[in-house]
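J.:
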Amino acid sequence: MDELDTLVDAARDGFARSASPAELENAKARFLGKAGRITELMKGLASLPTGEKKARGAAINQAKQAIEAALSERRQALAAAQLEAQLAAEAIDVSLPGRQRGLGGLHPISLAWERIEQIFGSMGFDVADGPEIESDWFSFTALNNPPNHPARSMQDTFYVDMKGEDGQFLNLRPHTSPMQIRYATAHARRHADALARGETSDIRVIAPGRTYRVDNDATHSPMFHQVEGLWLGENVSFKDLKVTYLNFCKAFFETDDLVLRFRPSYFPFTEPSAEIDVRFQSGPLAGKWLEVSGSGQVHPQVVRNMGLDPERFIGFAFGSGIDRLAMLRYGVSDLRLFFEGDIRFLSQFR
Ligand code: DAH
72 MDELDTLVDA
82 ARDGFARSAS
92 PAELENAKAR
102 FLGKAGRITE
112 LMKGLASLPT
122 GEKKARGAAI
132 NQAKQAIEAA
142 LSERRQALAA
152 AQLEAQLAAE
162 AIDVSLPGRQ
172 RGLGGLHPIS
182 LAWERIEQIF
192 GSMGFDVADG
202 PEIESDWFSF
212 TALNNPPNHP
222 ARSMQDTFYV
232 DMKGEDGQFL
242 NLRPHTSPMQ
252 IRYATAHARR
262 HADALARGET
272 SDIRVIAPGR
282 TYRVDNDATH
292 SPMFHQVEGL
302 WLGENVSFKD
312 LKVTYLNFCK
322 AFFETDDLVL
332 RFRPSYFPFT
342 EPSAEIDVRF
352 QSGPLAGKWL
362 EVSGSGQVHP
372 QVVRNMGLDP
382 ERFIGFAFGS
392 GIDRLAMLRY
402 GVSDLRLFFE
412 GDIRFLSQFR
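The sequence shown begins at 72 in my numbering and counts up by one.
#1: Is ASP394 helix, strand or coil when you go by DSSP?
#2: Does GLY354 come out as helix, strand or coil in the three-state DSSP assignment?
#3: Would the C-beta of HIS246 count as close to the ligand DAH, meaning under 7 Å from any of its heavy atoms?
#4: Look at the alpha carbon of ASN219 and the alpha carbon of THR212, and state the distance between them as a whole number of angstroms.
#5: How many angstroms separate the CA atom of PHE416 from the CA atom of LEU303?
#6: State the start and end residues of the unbroken beta strand (DSSP E) segment that holds PHE295.
#7: Would you list the one or two residues that DSSP bridges to THR341?
#8: For a test of the three-state rule: what should DSSP assign to PHE319, helix, strand or coil?
#9: Where do the ends of the beta strand (DSSP E) carrying ASP427 lie?
#10: Taking the C-alpha atoms as reference points, what is the distance between ALA397 and GLY354?
#11: Across the stretch 248-263 and the stretch 140-154, are there enough close Cβ pairs to call them in contact, namely three or more that are closer than 8 Å?
#12: Do ASN318 and MET194 have their C-beta atoms within less than 8 Å of each other?
#13: Using 8 Å as the threshold, is the stretch 329-336 in touch with the stretch 284-296, meaning 3 or more CB pairs across them?
#14: Name the two residues that bound the continuous beta strand (DSSP E) containing ARG275.
#15: Give a yes or no on contact between the stretch 377-394 and the stretch 159-173, applying the rule of three or more CB pairs nearer than 8 Å.
#16: If you check the beta carbons only, do ASP394 and PHE323 fall under 8 Å apart?
#17: When you measure from the CB of GLY390 to every non-hydrogen atom of the ligand DAH, does any distance come out below 7 Å?
#18: Start and end of the beta strand (DSSP E) containing PHE240?
#19: Should the stretch 253-260 be regarded as contacting the stretch 215-232, the criterion being three or more beta carbon pairs within less than 8 Å?
#20: From the DSSP output, in three-state form, read off LEU331 for me.
#21: Curious, which full-length alpha helix (DSSP H) runs of at least 4 residues does the stretch 107-162 contain?
#22: Residue range of the alpha helix (DSSP H) that THR256 falls in?
#23: In whole angstroms, what is the alpha-carbon distance linking PHE196 and ASP405?
#24: So if DSSP puts SER364 in a beta bridge, which residue, or which two residues, is it bridged to?
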């Protein structure tokens, strides 16, 4: 084999053995560099007789081109291999299943709240909403519970360090009863006018919402939920309260197998007043009387404070614990579970 062919083979072999661009550059230097074999051969041309120079020079050039071609081929191969390695290292395994985003759900209190709105809505009750920071007038005085009245101590109220328009400290409403006054006052004119025209007119509303008291144990939370109910008209009686509340309970608890008891009580804004107890005749809670609501015939002074004539407007009100209703409906024994935000508890209501 010709010396040049051997050289080209040696170069190809050297390039092929070069596993990295740096090694390849070293190999290149051995053949094509300043002190490389090709350069040396070129220098050797000088000592040849003129007649041989041309052919020898052409042969060396050919060998040089072959080596250069081999070099560039190897460079490309190394670059391609490097790219492939990089792609492999940065690869995203699209076959990995994605992390499941669990389906959210409504909080049990929200579920109970929505049920209550839906049931009373079906009985013709409007739904009203009002402020949680309330004035003394709406929380107490208008509800026939004036300053220094002993009934004020029935609720251990949070006060705000700021006075309202009535000059009294504002409070975090301890019950939803202020909404009776707010709603009725806002609609009093319309109803009085309707009655004056000889039309029938009644006020029928529920007001669910957050309420606050200085209380904290297994059955009391400083923040809790109530739903206020108010039905005033020309002829709304205690009997209507009984029927309305019984129908509500049957719908809410999805059973006809329950009875109510109206236990005499005292509230400044109603006369007579009653606590409403429910007893299930079957199921896990069967046999026990369970308190769910305060209620009564709206006191004439409260009707007056609404801007209505108590000779024309009579009716009932009630204030029920939404949390209590939810505990009974969902069989929850500790109220605090509702407010701890434990996903293991909450996800059971999805
Ligand atoms: N506001 C009372 C409470 O929180 C509950 C109540 C009792 C509301 C009688 C009423 C009612 O509307 O008529 O203890």
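No residue lacks a Cβ here, since even glycine has one placed at the ideal position from N, Cα and C.
T.: The short version:
#1: The residue you call residue 394 lines up with position 323 of the sequence shown. ASP394 falls in the helix class under three-state DSSP.
#2: For the purposes of this step, residue 354 is taken as the residue at position 283 of the sequence shown. Residue state, collapsed to three classes: coil.
#3: Along the sequence shown, one-based indexing puts residue 246 at 175. Yes, the Cβ of HIS246 comes within 7 Å of a heavy atom of the ligand DAH.
#4: Stepping through the sequence shown from its first residue, residue 219 is reached at position 148. Stepping through the sequence shown from its first residue, residue 212 is reached at position 141. Roughly 10 Å separates the two Cα atoms.
#5: Mapped onto the sequence shown, residue 416 falls at position 345. Mapped onto the sequence shown, residue 303 falls at position 232. In a straight line, the C-alpha of PHE416 is about 40 Å away from that of LEU303.
#6: For the purposes of this step, residue 295 is taken as residue 224 along the sequence shown, with counting starting at 1. PHE295 -> beta strand (DSSP E) spans 294-304.
#7: The sequence position of residue 341 within the sequence shown is 270, counting from 1. THR341 is bridged to PHE338 and VAL369.
#8: Taking the sequence shown and counting its residues from 1, the one referred to as residue 319 is at position 248. Three-state DSSP puts PHE319 in a helix.
#9: This structure leaves residue 427 out entirely; the chain is present only between 72 and 421.
#10: What you label residue 397 is simply residue 326 of the sequence shown in a count that begins at 1. What you label residue 354 is simply residue 283 of the sequence shown in a count that begins at 1. Rounded to whole angstroms, ALA397 to GLY354 spans 16 Å at the Cα level.
#11: Segments in contact, no.
#12: Start at 1 with the first residue of the sequence shown, and residue 318 comes out as number 247. Start at 1 with the first residue of the sequence shown, and residue 194 comes out as number 123. The answer is yes: Cβ separation under 8 Å.
#13: Not touching, per the Cβ criterion.
#14: Within the sequence shown, numbered from 1, the residue matching residue 275 stands at position 204. Here the beta strand (DSSP E) through ARG275 covers 274-283.
#15: no
#16: Within the sequence shown, the letter at position 323 stands for residue 394. Within the sequence shown, the letter at position 252 stands for residue 323. The answer is no: Cβ separation not under 8 Å.
#17: As a position in the sequence shown, residue 390 is number 319, starting the count at 1. At least one heavy atom of the ligand DAH is nearer than 7 Å to the Cβ of GLY390, so yes.
#18: The residue labelled residue 240 in the question sits at position 169 within the sequence shown. Its beta strand (DSSP E) spans residues 240-243.
#19: In short, these stretches do not touch, since the Cβ pair count stays below three.
#20: On the sequence shown, position 260 is the one that residue 331 refers to. In this structure, LEU331 counts as strand in the three-state DSSP scheme.
#21: 108-115 and 121-160
#22: As a first step, residue 256 is located in the sequence shown; it is residue number 185 there, counting from the start. Membership of THR256 in the alpha helix (DSSP H) is indicated by the continuous run 249-267.
#23: The residue labelled residue 196 in the question sits at position 125 within the sequence shown. The residue labelled residue 405 in the question sits at position 334 within the sequence shown. Each residue's alpha carbon lies about 31 Å from the other.
#24: To locate residue 364, count along the sequence shown from 1; it is residue 293. For SER364, which the question treats as bridged, DSSP gives the partners ILE347 and SER391.
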